[in-house]
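Numbering-wise (the numbering used here), the sequence shown opens with residue 18 and increments by one.
Even glycine gets a Cβ: it sits at the ideal position worked out from N, Cα and C.
Because the structure is a prediction, the values reported are computed rather than measured.
Encoded as C-alpha cells, the structure appears first; notes follow it.
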Amino acid sequence: MLSVFGVLWVGVSNVILNRLGTQIALTETGNKRRYHIDHEGAFEFTIRNDGLPIYQATLIIQFDNNVNPIDVEKTTSSGEGIHEVRTRITLGYRSEKTIHIPFVAFERGIGRIRSIRIDIPNWAGFGHVELRYYHTLKQEALVFPKLLPVAETEKPLTQFEGDFPKPFALFQDRMLPVSVRDYQFGDDFKDIHWKASAKMQKLQTKQYETITDQSVLLTVNITSDYGLSKDLDALVEHSAFIANEVLGEDMAFGLAMNRMTFGSFRFMHTQAGTGNEQLLYLLEQLASVTKGRTLTTSYTKLLSHLIYQREHPVHWIHAGERTQEVDEMLHHLHRNGQPLSILHLHEETAYLSPYTPLEQGGRDHGS
18 MLSVFGVLWV
28 GVSNVILNRL
38 GTQIALTETG
48 NKRRYHIDHE
58 GAFEFTIRND
68 GLPIYQATLI
78 IQFDNNVNPI
88 DVEKTTSSGE
98 GIHEVRTRIT
108 LGYRSEKTIH
118 IPFVAFERGI
128 GRIRSIRIDI
138 PNWAGFGHVE
148 LRYYHTLKQE
158 ALVFPKLLPV
168 AETEKPLTQF
178 EGDFPKPFAL
188 FQDRMLPVSV
198 RDYQFGDDFK
208 DIHWKASAKM
218 QKLQTKQYET
228 ITDQSVLLTV
238 NITSDYGLSK
248 DLDALVEHSA
258 FIANEVLGED
268 MAFGLAMNRM
278 TFGSFRFMHT
288 QAGTGNEQLL
298 YLLEQLASVT
308 KGRTLTTSYT
318 KLLSHLIYQR
328 EHPVHWIHAG
338 ERTQEVDEML
348 HHLHRNGQPL
358 SILHLHEETA
368 YLSPYTPLEQ
378 GGRDHGS
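This is the structure in C-alpha cells:
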C-alpha cells in the first residue's frame with residue numbers, strides 16, 4: 018500500500034514539476050527614465066501566473082551597479098559591475114504581482130536589468146524549476162554626469178554672421194528692425210523707412226538688431242597612449258559643466274569626442290544647437306561614456322573630419338591629452354584665426370587658457 022502511494026506521489030510530483038511556471042508572463046511598466054546622482058527611482062515590472070500556484074519562489078534580478086538598491090531583502094555585488102537582488106514571491110492561480118525594486122542613482126551611466134530568474138520549489142515533492150527571462154527589457158535608468166566646475170572665460174565675438182544679439186557685433190539681422198534714425202550720408206537707399214519719413218517729414222533710416230555667431234565647439238580626447246585616459250571621469254564631468262554653462266547663456270554648443278560609434282560618424286558628434294533639448298541630449302550622450310563600456314577611435318581623424326567639414330565655431334575648446342600630432346592640427350587652426358582654448362584639469366576643478374603650441378617633442382596630458 019505504501020509503495021503504491023509512494024509511486025503515485027512521485028508521479029504527481031513529477032507532473033506538477035513539469036507544469037510549474039509554464040504559464041508565467043512578464044510585462045514592463047516603465048521605459049527610460051533620467052536621474053541625477055543621489056536621486057531615487059525604481060525598476061518595475063509585472064509577473065502574471067495563469068498556471069499552477071507558486072509558493073515561496075525566489076526572484077533573482079541582476080542590474081548594473083551605477084544604481085544602488087535600497088530597502089530590499091538580500092543584495093550581493095559582483096566584480097563585474099552587477100548588483101544581484103533576491104526576494105520571495107508567491108503567485109496563486111490567475112494572479113499577478115508588480116515587482117518594485119527601488120534604487121538610488123550612484124554614478125554616471127546607463128543602468129539596465131541584465132537578468133531575471135525565478136527559482137520555483139516543487140511544493141508537491143522534490144526538485145525545483147528555474148525560469149529565465151531571455152528578452153531584453155526596455156527600461157533604463159540613465160544617470161546624468163556630475164557637473165565639475167570650470168573657471169569662467171571671456172566669450173569672444175566672431176567674424177561670422179550668426180543669430181545672437183550683441184551690442185558691439187559687426188552684423189545686422191535684416192529681418193529685425195528695432196528703430197529708426199535720421200538719414201545720414203552713405204545710408205543704403207533700401208534701408209529708408211518711407212512711412213516714418215512721411216510722418217517725420219524728413220528721411221528716416223531703419224536700425225537693425227546687431228548680431229553675431231556665438232557658438233562653442235568642445236572636442237575631447239579621451240585616450241592616452243593606447244587606452245582610455247585616467248582622467249575620463251573628470252573630462253566627462255567638466256564637459257557636462259561647460260555644456261550647461263554655454264547653453265545657459267543661450268549660445269550654441271556642439272560636442273565631439275573620440276568615442277567610437279557606429280552611425281554616420283565613427284565618433285561621437287553632436288552638432289551645435291541651443292536650448293534645453295540640446296542640453297538634455299548632450300547629457301545623455303555623456304552619461305553613456307563609462308569605463309569598461311567605451312571603445313575609442315583616433316582623435317586626429319576626428320579633428321581632420323571637423324577641419325575638412327569647415328566646422329569652425331566662435332570658440333573651439335580642446336580637452337584631454339595633446340600629442341605632437343594633435344598639437345600640429347590645433348596649431349594649424351590657430352594660425353588660420355580660429356579662437357582656441359585648452360582645458361587644464363586641476364584636482365576637482367579645471368580652467369581654460371588660450372592655446373599655446375607645445376615645445377618640440379613635448380606632450381600635454383591635460384592635467
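- C-alpha of Pro-371 to C-alpha of Leu-360: approximately 9 Å in a straight line.
- The alpha carbon of Asp-199 has as its nearest neighbour, out of Thr-373, Lys-219, Ile-137, Phe-279, the alpha carbon of Lys-219.
- When secondary structure is reduced to three states using DSSP, Val-306 falls in the coil class, being assigned neither helix nor strand.
- For Ile-77 and Val-102, the gap between their C-alpha atoms comes out near 6 Å.
- Secondary structure note for Gln-288: its beta strand (DSSP E) is the uninterrupted segment 284 to 290.
- According to the DSSP secondary-structure assignment, Met-277 is paired through a beta bridge with Phe-284.
- Within its own chain, the residues whose Cβ lies closer than 7 Å to the Cβ of Leu-252, once the five positions on either side in sequence are excluded, are Val-237, Ile-239, Ser-246, Ala-336, Gly-337, listed in chain order.
- Asp-267 and Leu-300 have their C-alpha atoms spaced approximately 17 Å apart.
- By the Cβ test, the stretch 258 to 273 is not in contact with the stretch 345 to 358, since fewer than three Cβ pairs between them sit closer than 8 Å.
- Annotation: Arg-103 is outside any alpha helix (DSSP H); the continuous beta strand (DSSP E) that includes it extends over 99 to 108.
- When the beta-carbon positions are compared, Gln-221 and Ser-214 come within less than 7 Å of each other.
- Its Cα nearest to that of Lys-163, the residue Arg-125 stands out among Arg-125, Asn-293, Val-197.
- When DSSP reads this structure, Asn-66 sits in a beta bridge with Ile-41, Ser-112.
- Listed in chain order, the non-local C-beta contacts of Ser-112 below 7 Å within the same chain comprise Asn-66, local neighbours out to five positions each way being set aside.
- Setting aside the 5 residues that flank it on each side, Phe-284 is surrounded in the same chain by Ala-273, Met-274, Asn-275, Arg-276, Met-277, Thr-278, Thr-314, Leu-319, each with a C-beta closer than 7 Å to its C-beta; the list follows chain order.
- The residue from Asp-55, Gly-265, Leu-369, Tyr-150 with its alpha-carbon nearest to that of Gln-40 is Tyr-150.
- In the same chain as Asp-55, and ignoring 5 residues on each side of it, the C-beta atoms closer than 7 Å to its own belong to Val-121, Ala-122, in chain order.
- By the neighbour-count criterion, in which 16 or more other beta carbons inside 10 Å mark a residue as buried, Arg-339 falls on the buried side.
- With fewer than 16 other Cβ atoms inside 10 Å of its own Cβ, Arg-352 counts as exposed.
- In terms of CA proximity to Arg-310, Ile-127 leads the group Thr-107, Ile-127, Gly-68, Tyr-72.
- If you look at Leu-234, you'll find it in the beta strand (DSSP E) that goes 232 to 238.
- For Thr-46 and Thr-63, the gap between their C-alpha atoms comes out near 7 Å.
- About 19 Å separates the beta carbons of Glu-365 and Leu-235, which is beyond the 8 Å limit, so they are not a contact pair.
- Pairing Ile-135 with Ala-74 gives a Cβ-Cβ distance under 7 Å.
- Around the beta carbon of Tyr-52, a 10 Å sphere encloses 16 or more other beta carbons of the protein chains shown; the residue is thus reported as buried.
- Taking C-beta separations shorter than 6 Å and ignoring five residues to either side along the sequence, the partners of Pro-70 in its chain run Gly-109, Tyr-110, following chain order.
- Residue environment for Tyr-316: buried (at least 16 other C-beta atoms within 10 angstroms of its C-beta).
- In this structure, Val-331 lies away from His-255, with their beta-carbon atoms at least 7 Å apart.
- Taking 7 Å as the cut-off, the Cβ atoms of Phe-60 and Ile-133 do not count as close.
- For the 7 Å CB-CB criterion, Thr-291 and Ala-269 form a contact.
- When the Cα atoms are used, Ile-106 and Asn-293 turn out to be separated by approximately 42 Å.
- Between Thr-307 and Val-84, the alpha-carbon positions lie close to 14 Å from each other.
- A check of alpha carbon separations from Leu-264 across Ile-137, Leu-249, Gln-295, Tyr-243 identifies Gln-295 as the nearest.
- Taking the Cα of Asp-205 as reference, the smallest distance to any Cα among Asp-250, Gly-354, Gln-224, Leu-159 is reached at Gln-224.
- When DSSP states are grouped into helix, strand and coil, Arg-380 belongs to the coil group.
- Judged by their CB atoms, Asn-82 and Lys-155 are not nearer to each other than the 7 Å cut-off.
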